[in-house]
Structure formats: structure tokens, C-alpha cells
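Before any comments, here is the structure.
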Amino acid sequence: MRAAPRTPDDRATAPESDGSALAETDAGRVPVPPPAAGRGDRAPGPARRRRRDLAPLWLMAPAGVVLVAITLAPIVFLVFTSFTDYDQRTLFTGAYEGVGLAQYAALLQDGDFWASLVRTVLFTAAMVAGSVVIGMAVSHLLTRLDRGVRFLVTVVLILAWAMPNVASSLVWNWLFQPGYGVVNWLLTQLRVFGDMTQTDWTQSPALAYTVIWLLIVWQAVPFIALTLNAAETQVPGEHQEAARLDGAGELRVYREVTLTFLKPTLLLVTILSIIWDYNVFNQIWLVSRGGPDGATSTLGVFTYQTAFVGFEVGQGAAISVVTTLLLLGLTAVYIRNLLRSGEDL
Amino acid sequence: MTTPSTAAPPAAPTGTLPVRAPASRSRRRRRGRAVANSLALVFCVVWLFPVYWMVNTAFKPRSEVLSATPRFWPSEPTVSNFTTAVTQSGFLQNLLNSVVVVGATLVVAVVLGIFAAAAVSRFRFRGRRAIMVVILAVQMLPATALLIPMFVVFNTTGLLGSYVALVLAYVATVLPFSIWVMRGFFVAIPVEVEEAARIDGASTWQVLVRILFPLVAPGVIATSIFAFIAAWNDYLFAYTFMQDQSRYTLPVWLASFSNPNTGTDFGGQMAASLLFSLPVVIFFLIIQRNLVSGMSAGAVKG
Chain A
1 MRAAPRTPDD
11 RATAPESDGS
21 ALAETDAGRV
31 PVPPPAAGRG
41 DRAPGPARRR
51 RRDLAPLWLM
61 APAGVVLVAI
71 TLAPIVFLVF
81 TSFTDYDQRT
91 LFTGAYEGVG
101 LAQYAALLQD
111 GDFWASLVRT
121 VLFTAAMVAG
131 SVVIGMAVSH
141 LLTRLDRGVR
151 FLVTVVLILA
161 WAMPNVASSL
171 VWNWLFQPGY
181 GVVNWLLTQL
191 RVFGDMTQTD
201 WTQSPALAYT
211 VIWLLIVWQA
221 VPFIALTLNA
231 AETQVPGEHQ
241 EAARLDGAGE
251 LRVYREVTLT
261 FLKPTLLLVT
271 ILSIIWDYNV
281 FNQIWLVSRG
291 GPDGATSTLG
301 VFTYQTAFVG
311 FEVGQGAAIS
321 VVTTLLLLGL
331 TAVYIRNLLR
341 SGEDL
Chain B
1001 MTTPSTAAPP
1011 AAPTGTLPVR
1021 APASRSRRRR
1031 RGRAVANSLA
1041 LVFCVVWLFP
1051 VYWMVNTAFK
1061 PRSEVLSATP
1071 RFWPSEPTVS
1081 NFTTAVTQSG
1091 FLQNLLNSVV
1101 VVGATLVVAV
1111 VLGIFAAAAV
1121 SRFRFRGRRA
1131 IMVVILAVQM
1141 LPATALLIPM
1151 FVVFNTTGLL
1161 GSYVALVLAY
1171 VATVLPFSIW
1181 VMRGFFVAIP
1191 VEVEEAARID
1201 GASTWQVLVR
1211 ILFPLVAPGV
1221 IATSIFAFIA
1231 AWNDYLFAYT
1241 FMQDQSRYTL
1251 PVWLASFSNP
1261 NTGTDFGGQM
1271 AASLLFSLPV
1281 VIFFLIIQRN
1291 LVSGMSAGAV
1301 KG
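Laid out in C-alpha cells, this is it:
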């Protein structure tokens, strides 16, 4: 071995200089692997090391301790809080009592909670459907464009995606501002809806939902379109060409060939969208504050208002536990699909 | 796949589907491309409009911002909105708060994350899969599940409103995906590199520090950017924890711009939004290629 002219230091620097850009793209694709991701050529190396090694223990320990202290412990504490009557008074005196399942019993009888749950499910469905359908269309569109146009669309998508949602919510409020909002003005110019310049979008539930839906979909489409497009470019062209030669129309080629290959990625993207849209808070809070009269108060907003506006922290914790449990089911489905699509944990 | 196939072999008619002549197909495809390009341009106009309107408003003088007929171009471009935003009370202090909190979060998350990522990618040990599942699952929690218990604990310990409280909250949200993203970079390094060093007598520590860490440097950069974006953009934790205006971070400062009793200054608000978004947009463009990898662990939410 000593005969080898290279030292460990040489090896450390050599691959870095010639292959870093490539390694970066490879790694970039890992978690949402296209159907034909070539991961099989890698030797299952770490498994070869059989001897008991304490290294992973001390490597994992610092992060492990911190994660337990600041994520798992708070969740345990959340569950604990949901069994108490922690409220505004407790913030000052520190006194609270265990009330068993009373918070949950109260929750089940609370019409506002059920309304909020139904609202969340329906609104999530509407946002996910909108962003996935538009995302699929844009992803497909991207495959049939000239280079320059393709680049332009990608940049536009990234701009929309990159806007911090606090900023985009403010922009939205300005676009839809009664009196000076440019969208109000544009809609008035259409002469279909009458004079809309003074329309206050947040004063009507339907309009408030429309505005928030547009905002969420606007920012969700880029991720979906770019992820799907990355997978779509991996679809072997021969299959589509063969279908075309057999006389299948473009729509049929897409439905029966492309979509078959896209299915695993599409599934992951859809589940992620459901989880994120279900958790949306900032945009609703900054555009409508859950109003008018609680009409857009989804579970996130409802929890926040209960815990931090009414300061019924115990009750808020109970809602949060229920929300988390509902979400956990979805998360399980997500992780199972991630594993099935070839991700090795 | 999309290049017109001039030399396409004559297709054997299969089934009942009619066969079209190759010439008409290629003409059809060229027309299809023109349609696709124009559709794409329409899409760009629609999707870019909110960004354009933000920039447009930010450079307008007040009289043009508040005009009944919107102006699609500032006739007298001005930077006065930016000066208003930057000189507004608290901007510098709040910017400093953001920088301190985000910086501390980055350092903690990357240092802890790189060791943990090495552990879960270069070793097989009992409970490794469980750790990865927990890391993914934590990422999907609703924000209130961490917000409520942290608020209660920080309130009783007197940490509410301090940098420490916010840094802890951000590490909790950022560390899981940091481990996930860096793990992807570790996995991409062939084992042979590591084994060669071991044969040469390097210890585990030497392999890590002298061989693996330099190789995952791009991953550290990508992770730092993801972590920066997540912490920089956070509104909910800062809004709940930092009740004193001098302790606001920039997102809270930005949202409080729309304070109704001072009368909303839309020009200033758009200028502030632009300034606040700019670093994020730049970073997004830099790590464009890695965006998809971070997403599946919830690094940058859609």
C-alpha cells in the first residue's frame, strides 16, 4: 500500500476539484428519485464494516440530544398541556390544574372546531387540486419549449417560489386593495363583473378564499412544476415515440405513457402539497386574519387564535394534538411512499 | 424526444389506430411548438405580474401609487420609498436581530447536522432508520405543535423575547432537514475513498475531517442556504415570541408596516418587501439545482 504514490490528502482534494458540480446534481436528485435513478451501482459499503464501532454514537449524540430537547420534549409537553386548564391566568400566576380529558371533551362539542376542520379539509383539497393540475400542465409545457422560452419560464417560476410568504402576502393585499388595487381595476375593465374598484375582498368569505387560494397556488406551482419536469425529462423517449407512431394523439401519449412514468413523483408531490397546504398559516393570517367572522379560520388559524389571542393555551394544545394526529396519518403515507420510490433511509 | 424525426421508419400499423404520414406529423409538431411557446409567454406574464407590480410600486412616487387608474410604469422613478423603509424606526435594529438569530441558527444547525449526517450515512447501526423516520416526521408537524409548548416553557423560564428562545425554535425546525440534505451529499461519496484512507491507517476522526468533510462542502453550502431561507422567512415564531418592537425580526417588522393607525404606505411597503425578498431570491437562484432535494425534507415550503 505504501507503494501508492498518493497520500490521503491527495485523495481528499482531487475529487473535490473535478467532480463537485456533478456530485451536487446527483445529490440534488436523490430524495425524489426519477423512476430510473441509477443508485444500484453503489456498493453497499457501510454494511461491510461489521465490527462494532462507537463512532456513530458520538457523532449522532450532540444532534440527538438537541433534537430530543427541542422537538420531542416539546411535543410531550404539548400533550401534557392539553390535559391541563392552562390559560391567561396561568401566564401570570403559574397555577394550573390537571383536567384530564376535559379539553378534548370540550373540543368535540365545539361547533367552531368542527367547522374549522371541515373548512381545512375542503380548502386544502381546493389548493392541492389547483396547484397540482396547473403544476402538471406547466411541467409538460416545459418539455415542449425552445431553449430561451424554457429558461424564461424557469426564472419566472423561481421568482414566484422564492418570495418569502410574508412579502407575497403583503403584495397580495396591495394587488387586491379596495380603491387602488390593480386587480380590482383590471376586473372592472373587463366589464363583466361591474365596478369592482371598491370591492373589499376580505369582507366576503368566497372572495377571501379566492384571494388566498390564488396566493397559495401561485407559490406552490413552481415546486410542483419543476419537480415533475425533472422526472418528466427522464421518461424514455422511445415509449412516447412508439405510441405516436401507433397513431396515439398527444393527449393519449401523455395520459398513457408519460403519466405512467410520472406516477411515483406525482404521488410524493401531491402528499407533500397536502401536508403543506393543511399547515398553511402565514398567508391566511396576513391576508384575512381568519375573517370575515372566522370564515377563513382553518385549523392553524383557529389553534393560534385559541392559544394566543384568547390565551386558552390548554384548549389550543388539545386542538394542536388533534391536528398533529390527523397529519401523522398523512406523514406515514408520505414516508412509506418515499421508501417505496427507492429512497433508502 | 422532441426533435422532428425526419428519418422515422415507416410504422407498422398495429391494432385499429390509423397511421399518419411522417411529413404531416413533423409540420404539425412545428406548429405545436409555436403554440407551446406562446402559451408559455402568456403564463410568464400572468405569473410574473405580482413580482412586477411589487417592483413597479416600489419605484413610484406616492402620488402615482395612489391613483385611481393604475400606472404600469413609474413616470418619475424614485428611490424615496426605499429611504422611507430603511429609515423607518426599528429597521436597523430589526435587521440586526434577524442577522444574529439567523446566523446563530445556521452555525448550530450546520455543526450539529454535519456530524449527525455523517453518522446516518456512513455507518449502519441499530435505530438508524428510526432516526431518519423521526427526522422526516418532525418536519411535517404543524407549527403550533412546537409553538405552544415552547411558548409556555419560555414564558415560565423568562426566556420569552430573547434571542436564545428564537434560536432554539429555529434550530428545531432547521436541524432535521439539515441532517437530511447533508446526508444526501455524504451518500454520494463512494466508499472506496473512505476505505483507501482507512487502509492507509487513518482513524475515523481523520477520515471524517480530512476526507469526508471537504467532499461535502457543497452540501454544507446548500444546507446553509436552506437554513438561512427558513429562519430568515419565519414569521410565526418571531411574531409570537418577540413582543417588544425592538426585538422584532425583519418579517415581523415587514408585516407591521401595514399598521392601520399610521395609514398604510403601500410604496414603502412594497419597497420593504423587495428589500426583504432580495437575499432569498438571490440564494434561490444560486442553489436552484438543489432545490428539489431540500424540498422532500421540507426545507423550502411551497
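Chains A and B supply the protein sequences, listed in that same order.
Numbered according to the numbering used here, the first sequence spans residues 1 to 345.
Numbered according to the numbering used here, the second sequence spans residues 1001 to 1302.
Yeah, the Cβ is synthetic: ideal placement off N, Cα and C, and Gly gets one too.
Quick caveat: nothing in here was measured; it's all calculated off a predicted structure.
Compute the Euclidean distance between the alpha carbons of residue i and residue j, then round it to the nearest angstrom.
{"i": "residue 86 of chain A", "j": "residue 1154 of chain B", "result": "15 Å"}
{"i": "residue 1278 of chain B", "j": "residue 161 of chain A", "result": "13 Å"}
{"i": "residue 73 of chain A", "j": "residue 59 of chain A", "result": "21 Å"}
{"i": "residue 276 of chain A", "j": "residue 1093 of chain B", "result": "32 Å"}
{"i": "residue 274 of chain A", "j": "residue 125 of chain A", "result": "8 Å"}
{"i": "residue 213 of chain A", "j": "residue 123 of chain A", "result": "8 Å"}
{"i": "residue 1027 of chain B", "j": "residue 1045 of chain B", "result": "28 Å"}
{"i": "residue 224 of chain A", "j": "residue 97 of chain A", "result": "47 Å"}
{"i": "residue 346 of chain A", "j": "residue 174 of chain A", "result": "What the structure shows of chain A is the stretch from 1 to 345, and residue 346 of chain A is not part of that stretch, so it cannot be assessed."}
{"i": "residue 244 of chain A", "j": "residue 1037 of chain B", "result": "21 Å"}
{"i": "residue 1288 of chain B", "j": "residue 1210 of chain B", "result": "28 Å"}
{"i": "residue 114 of chain A", "j": "residue 108 of chain A", "result": "8 Å"}
{"i": "residue 1101 of chain B", "j": "residue 1251 of chain B", "result": "13 Å"}
{"i": "residue 1268 of chain B", "j": "residue 259 of chain A", "result": "46 Å"}
{"i": "residue 89 of chain A", "j": "residue 1242 of chain B", "result": "20 Å"}
{"i": "residue 1148 of chain B", "j": "residue 290 of chain A", "result": "19 Å"}
{"i": "residue 954 of chain B", "j": "residue 1204 of chain B", "result": "Residue coverage of chain B in this structure runs from 1001 to 1302, which leaves residue 954 of chain B outside it and unanswerable."}
{"i": "residue 278 of chain A", "j": "residue 321 of chain A", "result": "14 Å"}
{"i": "residue 1246 of chain B", "j": "residue 1090 of chain B", "result": "6 Å"}
{"i": "residue 1163 of chain B", "j": "residue 1283 of chain B", "result": "24 Å"}
{"i": "residue 1065 of chain B", "j": "residue 1169 of chain B", "result": "38 Å"}
{"i": "residue 136 of chain A", "j": "residue 228 of chain A", "result": "7 Å"}
{"i": "residue 1008 of chain B", "j": "residue 266 of chain A", "result": "In this prediction, residue 1008 of chain B scores a pLDDT of 40, lower than 50, which makes its location untrustworthy; the coordinate-derived value is nonetheless stated afterwards. Computed Cα separation, rounded: 32 Å."}
{"i": "residue 1240 of chain B", "j": "residue 1143 of chain B", "result": "12 Å"}
Following the continuous alpha helix (DSSP H) through residue i, name the residue where it begins and the one where it ends.
{"i": "residue 1182 of chain B", "result": "1163-1187"}
{"i": "residue 1144 of chain B", "result": "1143-1157"}
{"i": "residue 77 of chain A", "result": "73-82"}
{"i": "residue 1273 of chain B", "result": "1266-1286"}
{"i": "residue 1239 of chain B", "result": "1236-1241"}
{"i": "residue 1248 of chain B", "result": "Element bounds for residue 1248 of chain B: n/a, residue is neither H nor E."}
{"i": "residue 1080 of chain B", "result": "1080-1087"}
{"i": "residue 1256 of chain B", "result": "Run containing residue 1256 of chain B: none; DSSP gives neither H nor E here."}
{"i": "residue 307 of chain A", "result": "Looking at the DSSP string, residue 307 of chain A is not in any alpha helix (DSSP H), and its letter there is neither H nor E."}
{"i": "residue 1113 of chain B", "result": "1091-1122"}
Once the 5 residues before and after residue i are set aside, which same chain residues still bring their CB inside 7 Å of it?
{"i": "residue 1128 of chain B", "result": "1120"}
{"i": "residue 332 of chain A", "result": "none"}
{"i": "residue 1054 of chain B", "result": "1270, 1273, 1274"}
{"i": "residue 338 of chain A", "result": "268"}
{"i": "residue 185 of chain A", "result": "197"}
{"i": "residue 1112 of chain B", "result": "1175"}
{"i": "residue 1061 of chain B", "result": "1076, 1078, 1080"}
{"i": "residue 971 of chain B", "result": "No information on residue 971 of chain B is available, as it lies outside the stretch 1001 to 1302 that chain B covers here."}
{"i": "residue 283 of chain A", "result": "165, 169, 212, 215, 216"}
Using a Cβ-Cβ cut-off of 6 Å (strictly less than) and excluding sequence neighbours within five positions of residue i, which residues of its own chain qualify?
{"i": "residue 134 of chain A", "result": "221"}
{"i": "residue 1271 of chain B", "result": "1058, 1081, 1082, 1085"}
{"i": "residue 334 of chain A", "result": "271"}
{"i": "residue 207 of chain A", "result": "201"}
{"i": "residue 203 of chain A", "result": "292"}
{"i": "residue 346 of chain A", "result": "Since the displayed chain A opens at 1 and closes at 345, residue 346 of chain A lies outside it and no answer follows."}
Leaving out the 5 sequence neighbours to the left and right, which residues in its chain are closer than 8 Å to residue i when beta-carbon positions are compared?
{"i": "residue 1167 of chain B", "result": "1101, 1104, 1105, 1108"}
Exercise. Just by C-beta distance, which residues in the segment 1142-1162 of chain B are closer than 9 Å to chain A?
Worked result: 1142, 1143, 1144, 1145, 1146, 1147, 1148, 1149, 1150, 1151, 1152, 1153, 1155, 1156
Exercise. Is there contact between the segment 1166-1178 of chain B and the segment 1126-1139 of chain B, where contact requires at least three CB pairs shorter than 8 Å?
Worked result: With a cut-off of 8 Å, the segment 1126-1139 of chain B and the segment 1166-1178 of chain B count as touching, because enough Cβ pairs lie within range.
For this session: Please name the residues in the segment 68-80 of chain A whose beta-carbon is closer than 7 Å to at least one beta-carbon of chain B, in chain order.
Result: 70, 71, 74, 75, 77, 78: these are the residues of the segment 68-80 of chain A whose beta carbon lies less than 7 Å from some beta carbon of chain B, given in chain order.
For this session: Mind checking the segment 1050-1067 of chain B against chain A and listing, in chain order, the residues whose C-beta falls within less than 7 Å of any C-beta there?
Result: 1050, 1051, 1053, 1054, 1057, 1066
Exercise. With contact counted as at least three CB pairs below 8 Å, one residue from each stretch, are the segment 313-322 of chain A and the segment 285-305 of chain A in contact?
Worked result: yes
Exercise. Which residues, in order along the segment 1083-1095 of chain B, keep a beta-carbon less than 7 Å from a beta-carbon of chain A?
Worked result: none
For this session: Give the residues from the segment 106-118 of chain A that approach chain B closer than 8 Å (Cβ to any Cβ), ordered along the chain.
Result: none
Exercise. When Cβ atoms are compared, which residues of the segment 1178-1190 of chain B fall closer than 8 Å to chain A?
Worked result: 1179, 1180, 1184, 1185, 1187, 1188, 1189, 1190
Problem set entry | Interface positions of the segment 285-309 of chain A facing chain B (Cβ-Cβ less than 9 Å), listed along the chain | 285, 286, 299, 300, 303, 304, 307, 308
For this session: Please name the residues in the segment 164-176 of chain A whose beta-carbon is closer than 9 Å to at least one beta-carbon of chain B, in chain order.
Result: Answer set for the segment 164-176 of chain A: 164, 165, 166, 167, 168, 169, 170, 171, 172, 173, 174, 175.
Exercise. Taking three-plus beta-carbon pairs below 8 Å as touching, is the segment 237-252 of chain A in contact with the segment 186-193 of chain A?
Worked result: no
Exercise. Taking Cβ-Cβ distances below 9 Å as the criterion, which residues of the segment 1239-1272 of chain B are in contact with chain A?
Worked result: 1239, 1240, 1250, 1251, 1252, 1254, 1255, 1257, 1258, 1264, 1266, 1269, 1270, 1272
Problem set entry | Against chain B: residues of the segment 82-105 of chain A by CB proximity under 8 Å | Hits within the stretch, in order: 86, 91, 94.
Exercise. Using Cβ-Cβ distances below 8 Å, what residues of the segment 1025-1039 of chain B are close to chain A?
Worked result: 1025, 1032, 1033, 1036, 1037, 1039
Problem set entry | Under 9 Å (Cβ pairs) to chain B, residues found in the segment 310-324 of chain A | 313, 316, 317, 319, 320, 321, 323, 324
For this session: Report the residues of the segment 144-156 of chain A with a CB closer than 7 Å to any CB of chain B, ordered along the chain.
Result: 144, 145, 146, 149, 152, 153, 156
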